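**Q** Okay, so the sequence shown: first residue is 0 according to numbering that gives the first Met the number 0, each after it adds one.
The beta carbon of each residue, even a glycine, is placed where N, CA and C say it ideally should be.
Bear in mind the structure is a predicted one, so any value in this text is a computation, not a measurement.
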Amino acid sequence: MFKSIYISRGFFVVLAICTILILLGFYVSFLMYIGQFALIALLAVTFLDGFILFGIKNPVKVGRRVPTRMNLGDDHDIFIDIENATIQSFFITIYDETPIEMQSRNLKFTFALGPKKSQKRSYSFTPKRRGIYEWGDIHVFVRSFLFLIKRRIVIPQECKVDVYPSVRQMKKYEFQIFNQQTQVRGIKKIRRLGHNNEFEQIKNYVQGDDPRTINWKATSRSNELMVNQYQAQRSQMVYSIVDKSRSMGHEFRGLTLLDYAINSTLVFSNIALRKGDKVGVISFADKIGSQLSANAGGRQLQRILDLLYAQRTHFLEPNYTLLYQTLRRAIPSRSLLMLYTNFETELSMRRALPMLRRINKKHLLVVVFFENTTIQELTFQKPTTIRDVYVSTVAEDVVNIKRRIAIELNRHGIQTVLTKPEELNIDTLNKYLELKSKGMI
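1. By DSSP, does Q310 sit in helix, in strand, or in coil?
2. What residue does the beta strand (DSSP E) around S121 start on, and which one ends it?
3. Have a look at P126 and I99 and give me their C-alpha separation to the nearest angstrom.
4. Just verifying my parser: in three-state terms, what is the DSSP assignment at Y94?
5. Measuring straight from C-alpha to C-alpha, what distance separates M439 and L363?
6. Once the 5 residues before and after G62 are set aside, which same chain residues still bring their CB inside 6 Å of it?
7. Please state whether the Cβ-Cβ distance between V237 and V278 is less than 7 Å.
8. If I measure Cβ to Cβ from T325 and keep anything under 6 Å in the same chain, skipping five residues before and after, which residues do I get?
9. Would you give the residue range spanned by the beta strand (DSSP E) that D76 belongs to?
10. Report the partner residues of N70 according to the DSSP bridge assignment.
11. Buried or exposed: which applies to C158, given that a residue is buried once 16 or more other Cβ atoms fall within 10 Å of its Cβ?
12. Please list, in chain order, all residues of the same chain as T384 whose beta carbon is under 8 Å from its beta carbon, the five residues on each side excluded.
13. State the Cα-Cα distance for the pair R403 and F314, rounded to the nearest angstrom.
14. On the DSSP letters alone, give me the boundaries of the beta strand (DSSP E) that L272 sits inside.
15. Measure how close the beta-carbons of T312 and M247 come, nearest whole angstrom, since I'm counting them as under 8 Å.
16. Please confirm whether K60 and E82 have their CB atoms less than 7 Å apart.
17. Touch check for the stretch 105-125 and the stretch 86-94: three-plus C-beta pairs under 8 Å?
18. Rounded to whole angstroms, how far is the Cβ of L52 from the Cβ of V13, which I believe are closer than 8 Å?
19. Alpha carbons only, please: which of G54, P420, D48 is nearest the one belonging to R252?
20. Any idea which residues DSSP pairs A111 with across the strands?
21. To the nearest angstrom, how far is it from the Cα of L355 to the Cα of L322?
22. Would you mind reading off the limits of the beta strand (DSSP E) that contains L417?
23. Could you round the C-beta distance between Y132 and S239 to whole angstroms and report it? I think they count as a contact, below 8 Å.
24. Name the two residues that bound the continuous beta strand (DSSP E) containing A40.
25. Can you tell me whether DSSP reads I303 as helix, strand or coil?
26. Compute the Euclidean distance between the alpha carbons of D285 and P317, then round it to the nearest angstrom.
27. Give the DSSP bridge partners of V226, in chain order.
28. Taking M348 as part of the alpha helix (DSSP H), name the residues at either end of that continuous run.
29. Is it the case that the Cβ atoms of F267 and T427 are separated by a distance below 7 Å?
30. Going by other Cβ atoms of all chains shown within 10 Å of its Cβ, with 16 needed for buried, is Q180 buried or exposed?
31. To which residues of the same chain is Q87 closer than 7 Å at the C-beta, ignoring the five residues directly before and after it?
32. For F25, is the classification buried or exposed, using 16 other Cβ atoms within 10 angstroms of its Cβ as the cut-off for buried?
33. By a C-beta neighbour count over all protein chains shown, 10 Å radius and 16 as the cutoff for buried, is L192 buried or exposed?
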């Protein structure tokens, strides 16, 4: 019990006044009596305050609501519910033991809580890495209207939450792809070249649809333009190949490039599965990591999610020779390979180029790599000093290196996606839809 008692600042202020009055009483006698009376009154009121705070075993009920599973890089609201179980009003201060990764030592909520009332407080948390996050207990400090002492109540609320690749982003882009509003949200509406003979459905006309597919009978019945939709070729082999080497350890807005690639792999895999393709995943660095054979089963997406959850950056150079040998053995038939990697220099690209060309001969290879947006921003700053001119010139040269890498890969017949990290999902999906519409897979 005594460990739960905290003397407030108000108690010490009143005690200091009593002490001063008693000291002055040696010179002015009546102040001695006032000081002694005030001291006795202070002790009596303090005991009364303690009775109010400790008279009921559990004066407040507190609970924390945390999602059972979180998405990497997405905002999540954490709610704290508190209820006053007494007929007294209290002043409440709440401290929550948040995960170490949150680095929030000053998170607290202070408010008044009326009798038999309840309130809710919340804060936002954005996980920046995959894995397990741990919350501890909730510490509640309760004060009465007397403001002399505080009672600390520790509410056991320890919990662990797994952070997975972003399922929220996956569902968001799934909705955009299969919704009528795709173009305004960044997903390009690409007209399929040629026609497949297999009829799929009649749907509303949207911008980009082939006018030749308008179904006039359905249009007259519904008073809206309706078009016939035909199925693209299905059950193609599609693999996401994720580079886990040190070049993918660079951070952008708190997430590593590997995390962006993992989120994109989940989004892309879900869309490819919905399109009827068979999807698999391979990760590699200096050694081959996890492998999941392409499949279109109902549980394939969950297998991909579990595989991506366990990936970690390896701070070594990628082994493209080993990757080529693994692909030749593990993927015998022609497939679409989305390779998520990063080239910072033309030299690193040229080291990988011979193996990439070999892979591209047997499969349709798409190399996805990242623009350095931090350096790119320096090229738009207006220089004011000689140093700024040097920085801007070097930054522009670094930006041009990325573009030259993309041009060199294209010259050898390798498809490329050079993208900003925050636009990775949209750009990879647009590339997939483009290749799908051209019948290249």
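**A** In short, the structure shows the following:
1. In the sequence shown, counting from the first residue as 1, residue 310 sits at position 311. In this structure, Q310 counts as coil in the three-state DSSP scheme.
2. Here residue 121 corresponds to residue number 122 of the sequence shown, with the count starting at 1. Residues 117-124.
3. As a position in the sequence shown, residue 126 is number 127, starting the count at 1. As a position in the sequence shown, residue 99 is number 100, starting the count at 1. In a straight line, the C-alpha of P126 is about 11 Å away from that of I99.
4. Sequence index remark: in the sequence shown, residue 94 carries index 95 (1-based). DSSP places Y94 in the strand class (E or B) of the three-state scheme.
5. Stepping through the sequence shown from its first residue, residue 439 is reached at position 440. Stepping through the sequence shown from its first residue, residue 363 is reached at position 364. Whole-angstrom Cα-Cα distance: 8 Å.
6. On the sequence shown, position 63 is the one that residue 62 refers to. Hits under 6 Å: D80.
7. Reading the sequence shown from its first residue, position 238 is the one you call residue 237. Reading the sequence shown from its first residue, position 279 is the one you call residue 278. Closer than 7 Å, so yes.
8. Within the sequence shown, the letter at position 326 stands for residue 325. Cβ neighbours of T325 beyond the five flanking positions: I287.
9. To locate residue 76, count along the sequence shown from 1; it is residue 77. Run containing D76: 75-83, per the beta strand (DSSP E) assignment.
10. Here residue 70 is taken as the residue at index 71 of the sequence shown, counted from 1. According to DSSP, N70 bridges with Y163.
11. As a position in the sequence shown, residue 158 is number 159, starting the count at 1. Exposed, by the Cβ-count rule.
12. Residue 384 sits at position 385 when you count from the first residue of the sequence shown. The answer is none, since no qualifying residue turns up.
13. By 1-based counting over the sequence shown, the position of residue 403 is 404. By 1-based counting over the sequence shown, the position of residue 314 is 315. Approximately 26 Å, taken between the alpha carbons.
14. As a position in the sequence shown, residue 272 is number 273, starting the count at 1. That residue, L272, is in no beta strand (DSSP E); its alpha helix (DSSP H) goes 256-273.
15. Start at 1 with the first residue of the sequence shown, and residue 312 comes out as number 313. Start at 1 with the first residue of the sequence shown, and residue 247 comes out as number 248. The pair is a contact, with the Cβ atoms about 6 Å apart (cut-off 8 Å).
16. Within the sequence shown, numbered from 1, the residue matching residue 60 stands at position 61. Within the sequence shown, numbered from 1, the residue matching residue 82 stands at position 83. For K60 and E82, yes; Cβs fall inside 7 Å.
17. With three or more CB-CB distances shorter than 8 Å, the stretch 105-125 counts as touching the stretch 86-94.
18. For the purposes of this step, residue 52 is taken as the residue at position 53 of the sequence shown. For the purposes of this step, residue 13 is taken as the residue at position 14 of the sequence shown. The C-beta separation of L52 from V13 comes to about 17 Å, leaving the pair out of contact by the 8 Å criterion.
19. The sequence position of residue 252 within the sequence shown is 253, counting from 1. It is P420 whose Cα lies nearest to the Cα of R252.
20. Taking the sequence shown and counting its residues from 1, the one referred to as residue 111 is at position 112. Looking at the DSSP assignment, A111 forms a beta bridge with F90.
21. As a first step, residue 355 is located in the sequence shown; it is residue number 356 there, counting from the start. As a first step, residue 322 is located in the sequence shown; it is residue number 323 there, counting from the start. One C-alpha to the other measures close to 9 Å.
22. The residue given as residue 417 occupies position 418 in the sequence shown. It spans 414-418 - the beta strand (DSSP E) in which L417 sits, taken as one unbroken run.
23. Mapped onto the sequence shown, residue 132 falls at position 133. Mapped onto the sequence shown, residue 239 falls at position 240. Actually they do not touch by this definition, with Cβ atoms about 26 Å apart.
24. Walking along the sequence shown from the start, residue 40 turns up at place 41. Unbroken run through A40 is the alpha helix (DSSP H), 28-53; no beta strand (DSSP E).
25. Position 304 of the sequence shown, counted from the start, is the residue given in the question as residue 303. Three-state DSSP puts I303 in a helix.
26. The residue labelled residue 285 in the question sits at position 286 within the sequence shown. The residue labelled residue 317 in the question sits at position 318 within the sequence shown. Answer to the nearest angstrom: the Cα atoms are 5 Å apart.
27. The sequence position of residue 226 within the sequence shown is 227, counting from 1. The partner list for V226 (beta bridge, DSSP) reads K202, I213.
28. Along the sequence shown, read from residue 1 onward, the residue named residue 348 stands at position 349. Residues 345-361.
29. Position 268 of the sequence shown holds residue 267. Position 428 of the sequence shown holds residue 427. Judged by beta-carbon spacing, T427 lies within the 7 Å limit of F267, meaning their Cβ atoms are closer than that value.
30. The count along the sequence shown starts at 1 and reaches residue 180 at position 181. Unreliable positioning characterises Q180 in this predicted model, as indicated by a pLDDT of 49, which lies under 50. The coordinate reading is nonetheless provided below. Counting Cβ neighbours within 10 Å, Q180 comes out exposed, since fewer than 16 surround it.
31. Start at 1 with the first residue of the sequence shown, and residue 87 comes out as number 88. The answer, listed in chain order, is I51, P114, S143.
32. By 1-based counting over the sequence shown, the position of residue 25 is 26. Looking at its Cβ environment, which holds fewer than 16 other Cβ atoms inside 10 Å, F25 is exposed.
33. Taking the first residue of the sequence shown as 1, we reach residue 192 at position 193. Residue placement at L192 is poorly supported in this model, since its pLDDT is 48, which falls under 50; the coordinates are not used for a value here.
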